[in-house]
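**Q**
Residue numbers (mature numbering (1 follows the signal peptide of the UniProt record, and there is no 0)): -20 to -1, 1 to 435.
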């Protein structure tokens, strides 16, 4: 830890490769790179930006564990982890040890994304074309803001738990780090300071990104994450407005629900509903969610009747459940080499519905909560509702976004308790057991880092 911090750049192998925004690039991470000589041209900076995206694919980031572990931690009996791996087992038990490898690796990978984005931002002067410079800055700030948002939600108290201006968040680093010395050992910023950085990054990204950017982040993706941030903070008018901006893109709900996730073969292209996805292929590796959920892989998650009975008769979302012997599987991740849906249009409709409902304004932004909920219901073959309530909106959100990494954030902002599966006892939404430990390796080498309570 006192040598190279967090990870270094990923670079394109092919010399003179034309950078395309519409095709997955051949990117290979390297173990070391001379930072003084690495980024000398526009192409070097673009290659470094692609390396930032590549770091998102890691199983320790959005390739699986950010979503999977947070859902396990929040679970109150909707499903059971039946696998043999100790690290995810600790998450579902709400008894995470301070040496939990998943918790350590997700922290490290989050800062890998951030450090790579910082390297890009520090070398924008190498980019000669003004339009390219603006786009690259927007993408790097999107990636940094996204990573900080999930780090602060995992490793710190929730925004609505106490006082954000004094609660400890995570370290905010906005310049490249290559070597750690005693002079630059990090401290934890407050939760409020982290959120300020997140909003600054994502707001800039939305302004700088184009409306069409191939498989990479665009203006609508930035607006979508902004809506998540504001929803987490309870800033409902701003959340509704941001979600509305995200819905203004060229996106449509996939008319057949299960083909949004799997079409009989590995789904490696975005669908019309996808605002932003994690790209995976046979070249870049499998997605870890497939490993844990898919029946033909490990099948480590058994869906319980507590969740299944919440779906109405005729709900097409149940087509993604398969019952075999004593276990029911989710088929959302049956595509071994498939995209992982990070932002879908359905989420934006449900966010806009909830935020408008909670804001209670006479004229809702974009559409009424009832209209948005009925859009999502109609796609899965359910009849339109005549009226809508907050519990109905939250239930639709839970069922629509199940197993996509939303439960922990939603549980905390809605102040819902969960359950210890071993004892059946309630675990409060603001329990220290629902906050991850700062990695022990970081604490051991950095006396400036304060550990979370309970560890």
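Each residue gets a CB set at the ideal place from its N, CA and C atoms; glycine is no exception.
1. Cα separation between residue 9 and residue 211?
2. Comparing C-alpha positions only, which one of 140, 102, 204 sits nearest to residue 155?
3. Return the chain-ordered ranges of every beta strand (DSSP E) run that is complete within the region 44 to 70 and spans a minimum of 3 residues.
4. In or out: residue 365 buried (at least 16 other Cβ within 10 Å) or exposed?
5. Skipping 5 residues on each side, what residues in its chain have a beta carbon closer than 6 Å to that of residue 228?
6. Take residue 182 as the anchor and find which of 158, 19, 392, 198 has the nearest alpha-carbon.
7. In whole angstroms, give me the CA-to-CA distance for residue 51 and residue 113.
8. Pick helix, strand or coil for residue 301, following the three-state DSSP scheme.
9. Could you tell me whether the region 272 to 279 touches the region 255 to 262, where touching means 3 or more Cβ pairs closer than 8 Å?
10. Would you call residue 386 buried or exposed, if buried means 16 or more other Cβ atoms sit within 10 Å of its Cβ?
11. Classify residue 289: buried if its beta carbon has 16 or more other beta carbons within 10 angstroms, exposed otherwise.
12. Distance check for residue 268 and residue 296, CA to CA, integer angstroms please.
13. Tell me which same chain residues have a C-beta within less than 6 Å of the C-beta of residue 431, skipping the five on either side of it?
14. Hey, quick one: how far does the alpha helix (DSSP H) through residue 324 stretch, first residue to last?
15. Kindly indicate the opening and closing residues of the alpha helix (DSSP H) around residue 372.
16. Within its chain, find whatever has a CB closer than 6 Å to the CB of residue 420; leave out the 5 residues flanking it on each side and keep chain order.
17. Leaving aside the five residues before and after residue 308 along the sequence, list all residues of the same chain whose C-beta is less than 8 Å from its C-beta, in chain order.
18. Flag this pair as yes or no: are the beta carbons of residue 94 and residue 127 separated by less than 8 Å?
19. Just the C-alpha distance for residue 313 and residue 176, rounded to the nearest angstrom, thanks.
20. When you compare only the Cα positions, how much space is there between residue 223 and residue 59?
21. Return the CA-CA distance between residue 220 and residue 306, expressed in angstroms with no decimal places.
22. Quick one: is residue 105 buried, meaning 16 or more other Cβ sit within 10 Å of its Cβ, or exposed?
23. May I ask which residues mark the beginning and end of the beta strand (DSSP E) holding residue 425?
24. Can you give the Cα-Cα distance for residue 397 and residue 26, rounded to whole angstroms?
25. Within the region 63 to 109, note down every full alpha helix (DSSP H) run reaching 4 residues or more, in order along the chain.
26. Which two residues bound the contiguous alpha helix (DSSP H) that contains residue 272?
27. Where does residue 232 fall in DSSP's three states?
28. Helix, strand or coil, according to DSSP, for residue 283 in the structure here?
29. Hey, how far is the Cα of residue 11 from the Cα of residue 28?
30. Quick one: grab the DSSP three-state call for residue 436.
31. Excluding the 5 residues flanking residue 185 on each side, which residues of the same chain have their C-beta closer than 6 Å to its C-beta?
32. Where does residue 295 fall in DSSP's three states?
33. Below 6 Å CB to CB, which residues in the same chain sit around residue 329 once its five sequence neighbours on both sides are set aside?
34. Does DSSP put residue 40 in a helix, a strand or coil?
35. Could you say which of 49, 169, 239 lies nearest to residue 72 if we only look at CA atoms?
36. Give the single residue among 249, 339, 379 whose Cα lies nearest to the Cα of residue 319.
**A** With the given structure in hand:
1. The predicted model places residue 9 with a pLDDT of 37, which falls under 50 and marks its position as unreliable, so this point remains unresolved.
2. 102
3. 59 to 61
4. exposed
5. Cβ neighbours of residue 228 beyond the five flanking positions: none.
6. 198
7. About 37 Å.
8. strand
9. no
10. Counting other Cβ atoms within 10 Å of its Cβ, residue 386 reaches 16 or more and is therefore classed as buried.
11. exposed
12. 25 Å
13. 418, 423
14. No alpha helix (DSSP H) holds residue 324; the beta strand (DSSP E) holding it covers 320 to 324.
15. 370 to 380 is the extent of the alpha helix (DSSP H) around residue 372.
16. 78, 79
17. Setting aside the 5 residues that flank it on each side, residue 308 is surrounded in the same chain by 282, 283, 284, 288, 301, 302, each with a C-beta closer than 8 Å to its C-beta; the list follows chain order.
18. yes
19. 34 Å
20. Computed Cα separation, rounded: 29 Å.
21. 42 Å
22. exposed
23. Per DSSP, residue 425 lies in no beta strand (DSSP E) segment; the continuous alpha helix (DSSP H) that holds it begins and ends at 420 to 425.
24. If I take the Cα positions, the gap works out to 45 Å.
25. Restricting attention to alpha helix (DSSP H) runs no shorter than 4 residues, the region 63 to 109 encloses them at 66 to 73, 81 to 102, ordered along the chain.
26. 268 to 273
27. In the structure shown, residue 232 adopts coil according to DSSP, grouped into three states.
28. strand
29. Low per-residue confidence applies at residue 11: pLDDT is 33, beneath 50, and the placement is therefore not dependable enough to give any value.
30. Residue coverage of the chain in this structure runs from -20 to 435, which leaves residue 436 outside it and unanswerable.
31. 118, 121, 122, 202
32. coil
33. 352, 355, 356.
34. coil
35. 49
36. The candidate whose alpha carbon is nearest that of residue 319 is 249.
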